[in-house]
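Asks: Heads up: the sequence shown at position 50 corresponds to 52 in the working numbering, and the numbers run straight through without jumps. Ideal Cβ placement from N, Cα and C applies to all residues, glycine included. Computed from a predicted structure; not experimentally measured.
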Amino acid sequence: MTAPRGKKAEALARGLVKERLAACVNVTAAVSHYQWKGRLHRDAESLLLIKTDSSKWASLKRWVASKHPYSVPELLALRVDAGSPAYLSWLKAELK
């Protein structure tokens with residue numbers, strides 16, 4: 003998920019973890035290039051890598067829709083085919 007750099011990205015990350023919609027959120031700097039309303043844009047943003055479980059997807063989408071400042075926030079789900087058993091166990095425990 004992308005978000006404005008700074009306090010808004012940090013607030014989104016903290017909120018997702020606090021609400022147990024994510025076990026962890028990484029916030030990194032990014033530059034996005036995209037078309038919007040017929041114009042080419044280049045924006046400095048934050049990229050939030052949200053680590054969660056598919057059982058949280060519907061709640062996470064609703065939460066993002068209510069908190070995100072963008073009218074069309076980028077929210078994509080990528081399936082994890084494998085991972086460290088210890089990490090995946092920790093992730094599940096943090097989402098309870």
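I'd like the list of long-range same chain contacts for Thr54, defined as Cβ closer than 7 Å, with 5 residues on each side in sequence excluded.
Replies: So the qualifying residues of the chain are Leu23, Ala24, Ala25, Leu62, Leu97.
Asks: From the DSSP output, in three-state form, read off Leu78 for me.
Replies: Coil at Leu78, not helix or strand.
Asks: Identify which residue in Leu14, Gly8, Glu47 has its Cα closest to the Cα of Lys69.
Replies: Lys69 has its Cα closest to that of Leu14, out of Leu14, Gly8, Glu47.
Asks: Tell whether a beta-carbon distance below 7 Å holds between Val27 and Val33.
Replies: Not closer than 7 Å, so no.
Asks: Residues in its own chain within less than 6 Å of Leu51 by CB, not counting five upstream and five downstream?
Replies: Taken in chain order, the residues that qualify are Asn28.
Asks: For the alpha helix (DSSP H) that contains Ser68, what are its first and last residues?
Replies: Counting along the chain, the alpha helix (DSSP H) containing Ser68 begins and ends at 59 to 69.
Asks: Could you have a look at Arg16 and say whether DSSP puts it in helix, strand or coil?
Replies: It is helical.
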